[in-house]
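2 protein chains.
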Amino acid sequence: MRTYPDCYPCFMRQALEASRTVGATQEEQLHLLRKVMQQLLRLDTDCTPPEIGQAVHRMVRAQTGVDDPYFQLKAYSTERALALYPRLQRMVREAKDPFTCAVRLAIAGNIIDFAQANTTDKVNSLWPYVEETLRQPFTVDHTQALSEALSTSREVLFLADNAGETVFDRILIENIEIPTRYVVKGGPTINDAVADDARQAGIHRIAEVVSSGSDAPGTLLKDCSPEFLHEFRKASVIIAKGQGNYETLSDIRAPIFFLLKIKCPVIAKDMRLGTGSIICKRSEHYFTRP
Amino acid sequence: MRTYPDCYPCFMRQALEASRTVGATQEEQLHLLRKVMQQLLRLDTDCTPPEIGQAVHRMVRAQTGVDDPYFQLKAYSTERALALYPRLQRMVREAKDPFTCAVRLAIAGNIIDFAQANTTDKVNSLWPYVEETLRQPFTVDHTQALSEALSTSREVLFLADNAGETVFDRILIENIEIPTRYVVKGGPTINDAVADDARQAGIHRIAEVVSSGSDAPGTLLKDCSPEFLHEFRKASVIIAKGQGNYETLSDIRAPIFFLLKIKCPVIAKDMRLGTGSIICKRSEHYFTRP
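Residue numbers (our numbering), protein chains in the order written: chain A, 1 to 290; chain B, 1001 to 1290.
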């Protein structure tokens, strides 16, 4: 998915919010914004939003001198999600259709996204937001097809999104019967999960945690490690969580299921669906790998 | 009031929305955004938001080739407000305190502000939004001081804000007993009222409509005409409507009363008040002109 004009003011807001999480002064914020605009002017308008996001958040880290601006918010999000973990497990156990319930929970966890405004409020009162998502009907529901793809595969490549959301992913992975390789980012970017965030959520107990090798807030194949690309190219089924993975992989021919909550009007427009929709979607470029 | 970092993404959103009102393609929108970023990088960060807004919206007009991008939305806003006019008059007539009611209505009209997102929705269902503002208590209430200042003055300089809001201003002017000079912008900028917009609202029947000589979305004194400055400097009482006039005049020594609804978080922060507040505030730099 290419970058839309609305992404530009959004990147500037993201940069501002990131710089504030590390206590940048107003002068520093303004200086950063100027650097971000210079960066935006240099970048090609044809690339995907996470490609620009990668450059912008690298700039944020360079200008603030903080390697992982969302370090504390990520740890806090995971903590809050872990507090719900027993309740989430019980929900799935008691559900009529445990797999669909687990898919829904994995999508509900996708609200923990600090690229969006007001996410701290959501993390502070996580349960009501989760409940809201659980009550919502799917806007696109390919859960059955996902279940079938999993039943005929030997393993699944699971492209993670954010810290805290990882705990909800753990619930889904516990309800998948084949081995899971859980792909986190190669370095900090916004609140995307890196290996330590996945460990804090306990993912390493049930899946192999591997890195994409990239610090783009999505899966930007040209920036990923050869090891990851090897896994990606041989995977017979891929679960891709969140908006960033949709933005970078929606045009790629691969056996992907996208699981996300649409939080941004630009993605809503691109998918021709409403903001707030919950989605379990088999890629339009899906194919069955032998 | 100086420009805050949050103003930068907001200017870009404003430019985008303005270009869409005249049907710019996505390519044109991107091209405009690049021009706006170049402009923002050239401008001094110490100036007021309307000074940057002036430059940005001049850029929008130059790039789109449309002199008055909000021409139709302004006419529509005025039409919708005029449809309420008899009801507004009746409200004031039947009020226990007609003057305070008229001040409240003038502030309620300030919701018609296309520098903010989603204003078309508000104009489409104007009455509920007006009622909401009427039910709200003042956050700053210097109505009594305003009434007294008007009672000891020979005339009032009324700095207008937006088209449509003009109809609500007309109600207030009808309840002021001294002659009013109604100051509109010297040229189109966002949906700020120019002379024709004031005429459409019928202001010319009850006040002298004059121009500030400037196309800044506020009252940027250094950009105003000598004629306006002469009036401004001799005025014994000035009513300044809306956020743009607050942003440009809050630090100026003059006998000003600011009437506005706070719609933007940056102004809320500057005034140390909440977004949504309704304000009738005597300037902190107020003085009585002999």
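Glycine included, each C-beta is placed from N, C-alpha and C at the ideal position.
- At a C-beta separation below 7 Å, B/P1005 has these neighbours in chain A: L16, Q26, Q29, L30, L33.
- Sequence-ordered contacts of the region 35-55 of chain A with chain B read M37, Q38, L40, L41, T45 [C-beta pairs closer than 8 Å].
- Taking 8 Å as the cut-off between beta carbons, none of the residues of the region 261-276 of chain A comes near chain B.
- Judged by beta-carbon spacing, A/D215 lies within the 9 Å limit of A/G187, meaning their Cβ atoms are closer than that value.
- Take the alpha-carbon of A/P5 and the one of A/E177: they are about 42 Å apart.
- One thing to note: B/S1277 has its Cβ no nearer than 9 Å to the Cβ of B/P1255.
- In terms of Cβ geometry, A/T64 and A/E27 do not form a close pair [threshold 9 Å].
- If you look at B/L1126, you'll find it in the alpha helix (DSSP H) that goes 1126-1135.
- Excluding its 5 nearest sequence neighbours in each direction, B/S1147 has C-beta neighbours in its own chain below 7 Å: F1099, listed in chain order.
- Remark: C-beta atoms of B/L1259 and B/G1242 approach each other more closely than 9 Å.
- When secondary structure is reduced to three states using DSSP, A/A207 falls in the coil class, being assigned neither helix nor strand.
- Counted as a single uninterrupted DSSP element, the stretch harbouring A/Y246 is not any beta strand (DSSP E) but the alpha helix (DSSP H) occupying residues 242-249.
- Listed along chain A, the residues sitting closer than 7 Å to B/R1013 by beta-carbon distance are P9.
- A check of alpha carbon separations from B/A1163 across B/A1268, B/E1079, B/T1025, B/V1060 identifies B/E1079 as the nearest.
- For A/F158, the CB contacts under 6 Å within the same chain, skipping 5 residues up- and downstream, are T180, Y182, I239 in chain order.
- Between B/T1248 and B/M1001, the CB-CB gap stays under 9 Å.
- Runs of the beta strand (DSSP E) spanning 3 or more residues and lying entirely within the region 1070-1149 of chain B do not occur at all.
- With distances taken between CA atoms, B/Q1054 lies nearest to B/Q1014 out of B/N1124, B/P1290, B/D1196, B/Q1014.
- The region 1059-1075 of chain B and the region 1009-1025 of chain B touch, with three or more beta-carbon pairs separated by less than 8 Å.
- At a Cβ-Cβ threshold of 9 Å, A/N175 and A/A102 count as neighbours.
- Bridge partners of B/L1220 according to DSSP: none are assigned.
- Judged by DSSP in its simplified three-state form, A/Y4 adopts coil rather than helix or strand.
- Going by beta carbons, B/A1106 and B/R1282 fall outside the 9 Å limit.
- The beta carbon of B/P1265 lies closer than 7 Å to those of D1006, T1275 in the same chain, with the five residues before and after it left out.
- Rounded to the nearest angstrom, the Cβ distance from B/T1152 to B/A1160 is 23 Å, too far for a contact under 8 Å.
- Between A/Y85 and A/I111, the gap from beta carbon to beta carbon reaches 9 Å or more.
- In the three-state scheme derived from DSSP, where H, G and I count as helix and E and B as strand, B/K1263 is classed as coil.
- Here the alpha carbons of A/V92 and A/I173 stand approximately 12 Å from one another.
- Membership of A/L43 in any alpha helix (DSSP H) is not indicated, and neither H nor E is assigned to it by DSSP.
- Taking the C-beta atoms as reference points, A/A18 is found no nearer than 9 Å to A/I267.
- CA-CA distance, B/H1142 to B/Q1136, rounds to 15 Å.
- The beta-bridge partner set that DSSP reports for B/K1281 consists of B/F1258.
- Note on B/R1205: under 16 other CB atoms within 10 angstroms of its CB, so exposed under the neighbour-count rule.
- In this structure, DSSP gives B/T1180 an extended state, which the three-state scheme calls strand.
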